[in-house]
Ligand code: GUN
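Numbering (my numbering), first residue to last: 21 to 313.
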């Protein structure tokens with residue numbers, strides 16, 4: 021069993037990005053600039069956005085954080101999106117989700133200029149991804165693809181079972197793994213809460229992507245000997261074994277599944293750390309106008 025070390029790969033990619041930023045600066049070009057819009061004070065969103073801002077500093081990007089209180093209205097937020105779209109100094113930006121219930125996430129996302137949509141959430145980027153055109157790919161699926169690439173994991177012709185059909189992970193990773201490319205060329209089955217005989221389907225998988233958000237759902241008896249297991253889950257649960265009083269659990273019961281795997285991602289230290297570097301990479305691409313030339 022080989023552990024897929026997301027921490028090591030994320031750190032390598034950050035060094036690569038930092039080097040590229042250095043080169044841009046030496047050529048007299050400006051550093052890539054990412055903006056983040058954060059509404060309210062949701063604990064998880066605060067942590068994610070702080071991590072994104074810190075990562076920008078680490079690689080030499082400029083970053084701007086725009087904050088609003090929970091009661092901000094949709095029109096104000098749409099105006100901010102429009103300002104960011106028109107601000108030439110900003111290469112890419114994200115609006116952290118979830119948004120308060122009185123604001124339509126779909127409306128906000130659609131208002132973002134696809135050329136600055138470094139989260140890859142805009143319908144144009146998702147459409148381009150489906151068509152195999154250059155697109156901003158959302159951070160978690162892009163991070164998974166990078167882990168498969170860097171560990172040289174064979175995907176061609178493999179049975180790949182994705183559990184979870186979210187717009188952010190399940191749907192895009194199933195498209196990416198079935199595309200005619202490497203990583204890709206897999207036979208993909210997308211499972212969800214209505215799937216019958218999920219255990220049986222999972223046991224047929226050479227590659228499992230668990231992204232359903234149910235802690236320790238995937239057990240050893242659902243996994244084939246030698247499978248590759250990618251665990252996207254991160255659920256925070258109370259724990260009396262840690263100083264903080266919390267621990268993170270993946271969607272896979274790691275201790276019992278790991279011995280059966282050829283490769284597995286741990287939680288924490290697996291896919292989660294790759295998401296921020298994928299966002300950095302997208303921002304670098306946006307600043308270089310690599311996707312929309
Ligand atoms: N909320 C949870 N994950 C994400 C993400 O990747 N981007 C944004 N904008 N919001 C999120």
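Yeah, the Cβ is synthetic: ideal placement off N, Cα and C, and Gly gets one too. Just so it is clear, the structure is predicted and the values come from calculations on it, not from any experiment.
Note on the region 239-302: whole beta strand (DSSP E) runs with a minimum of 3 residues are 248-251, 255-258 and 266-269, in chain order. Excluding sequence positions up to five before and after residue 278, its CB lies within less than 7 Å of the CB of 21 and 284, all in the same chain and listed in chain order.
For residue 230, the secondary structure class from DSSP, reduced to helix, strand or coil, is strand.
When the beta-carbon positions are compared, residue 239 and residue 273 come within less than 7 Å of each other.
Spanning the alpha carbons of residue 265 and residue 236 requires a straight line of approximately 19 Å.
Considered as a whole, the region 190-228 harbours 190-198 and 218-223 as its complete alpha helix (DSSP H) runs of no fewer than 4 residues, in chain order. Annotated three-state conformation of residue 47 is coil, per DSSP. Relative to the non-hydrogen atoms of the ligand GUN, the Cβ of residue 293 never comes closer than 6 Å to any of them. Taking 6 Å as the cut-off, one finds at least one heavy atom of the ligand GUN near enough to the beta carbon of residue 117.
Per DSSP, reduced to three states, the secondary structure at residue 84 is strand. At a threshold of 6 Å, residue 62 does not count as near the ligand GUN, since its beta carbon sits no closer than that to any of the ligand's heavy atoms. Taking each of 31, 85, 37 and 140 in turn and checking the Cα distance to residue 66, the smallest one comes out for 85. The distance from the Cβ of residue 30 to that of residue 297 is about 5 Å, consistent with a contact at the 8 Å cut-off.
Contact annotation: residue 94 and residue 120 have beta-carbon atoms that are not nearer than 7 Å.
The beta carbon of residue 231 sits no closer than 6 Å to any heavy atom of the ligand GUN. Restricted to the region 84-147, the alpha helix (DSSP H) segments that are unbroken, complete and at least 4 residues in length are 94-106 and 125-131, listed in chain order.
In the displayed model, residue 70 falls within a helix according to three-state DSSP. Residue 242 counts as buried, since no fewer than 16 other beta carbons sit within 10 angstroms of its beta carbon. Residue 109 and residue 82 have their C-alpha atoms some 10 Å from each other. Between residue 129 and residue 142, the gap from beta carbon to beta carbon is short of 7 Å. C-alpha of residue 204 to C-alpha of residue 217: approximately 25 Å in a straight line. As DSSP reads the structure, residue 187 sits in no beta bridge. Distance from the Cα of residue 227 is smallest, within the candidate group 207, 116 and 26, for 207. A straight-line Cα-Cα distance of about 9 Å links residue 139 and residue 116. Residue pairing by DSSP places residue 23 opposite 284 in a beta bridge. Counted as a single uninterrupted DSSP element, the stretch harbouring residue 56 is not any alpha helix (DSSP H) but the beta strand (DSSP E) occupying residues 53-59.
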